[in-house]
Structures are given as structure tokens and as C-alpha cells.
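Read through the structure below, which is laid out as C-alpha cells, and then see the notes.
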Amino acid sequence: STSSELRPGARLVALAGGGRRLSRPTPQQACDFLCSAKEDVEAVFSPLIDRNGFIVTPEQLATRTPSRSDALRESADVRKWQKRVGSAKAWRAFSQSRPEQYKEKVRCVERFAEIRRDS
Numbered sequence: 347s348t349s350s351e352l353r354p355g356a357r358l359v360a361l362a363g364g365g366r367r368l369s370r371p372t373p374q375q376a377c378d379f380l381c382s383a384k385e386d387v388e389a390v391f392s393p394l395i396d397r398n399g400f401i402v403t404p405e406q407l408a409t410r411t412p413s414r415s416d417a418l419r420e421s422a423d424v425r426k427w428q429k430r431v432g433s434a435k436a437w438r439a440f441s442q443s444r445p446e447q448y449k450e451k452v453r454c455v456e457r458f459a460e461i462r463r464d465s
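Just so we're aligned, residue 347 is where the sequence shown starts under the numbering used here, counting upward by one.
Laid out in C-alpha cells, this is it:
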């Protein structure tokens with residue numbers, strides 16, 4: 347998908363145009379590429395993303411540093427989920443043996459994503 351909104355903290359990933367492509371350009375390389383372009387140039391940007399996969403501003407990222415206990419708890423939760431979904435067989439076994447827990451986890455993730463989108 348494409349978006350016309352460029353948020354602070356986004357990184358320039360690539361430039362393409364005139365049969366040339368430049369990946370991960372430095373600011374000077376990007377400037378030289380754009381100045382020498384004779385036709386339209388396509389720019390690809392990567393947004394600033396927090397550890398949960400949400401697009402954030404630099405200010406938001408700075409305020410989201412987890413405490414040590416939060417990081418340890420999150421690591422334990424991630425390990426549990428990796429064990430549950432580490433293979434197709436493990437995923438089937440989990441989703442079939444505990445459908446209520448599976449549905450609740452999915453609802454929880456959807457609610458969290460909705461709250462994040464609204465804020």
C-alpha cells in the first residue's frame with residue numbers, strides 16, 4: 347500500500363528513477379540522486395516503528411522505554427507464544443485444545459490495536 351503521509355522519524359530506504367536504483371542512501375547520495383534526476387523519482391520510506399509494530403513519532407518512542415520488569419515479563423510471554431505457535435502442529439494443538447483462550451487472546455490483541463490506533 348502507499349501513503350502520502352510522511353511522519354517524523356521515517357527513514358529513506360531507496361530511490362529509483364531513470365533506470366537507476368539507490369538503496370539506503372546517505373543524505374548526500376540522496377541529494378545527488380535527486381539533483382541529477384531527469385525524470386520522476388520514486389522514494390521508499392520506512393516509518394519509525396516501536397517494538398510492538400506500531401508507527402510512532404520519535405517523541406512517542408522515547409516515552410515507551412519499558413522497565414526491566416516489563417521487559418522480562420514481555421520476554422517470558424513471547425517465549426510462551428513462540429512455543430505455542432512455533433510450528434503448524436503446535437499451533438493446531440493449541441488452537442484446538444484451548445479454543446476459549448485462543449479467542450480471548452485474539453480479542454485482546456484486536457482491542458489493543460484498536461486502542462493504539464485511536465490514541
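Just so you know, even glycine gets a beta-carbon here, dropped at the ideal spot from N, CA and C.
Helix, strand or coil for residue i per DSSP?
| i | result |
| --- | --- |
| A408 | helix |
| L394 | coil |
| R353 | coil |
| R438 | helix |
| Q447 | helix |
| S347 | Note that S347 scores a pLDDT of 43, beneath 50, so its modelled location is shaky and nothing firm can be said. |
Just list the residues that DSSP pairs residue i with in beta bridges.
| i | result |
| --- | --- |
| E388 | A362 |
| R367 | A362 |
Could you tell me the boundaries of the alpha helix (DSSP H) in which residue i lies?
| i | result |
| --- | --- |
| S415 | R414 to V431 |
| A383 | Taken as a continuous stretch (DSSP letters only), A383 belongs to no alpha helix (DSSP H), as it is neither H nor E. |
Hey, is the region 378 to 386 in contact with the region 410 to 420, meaning 3+ C-beta pairs nearer than 8 Å?
no
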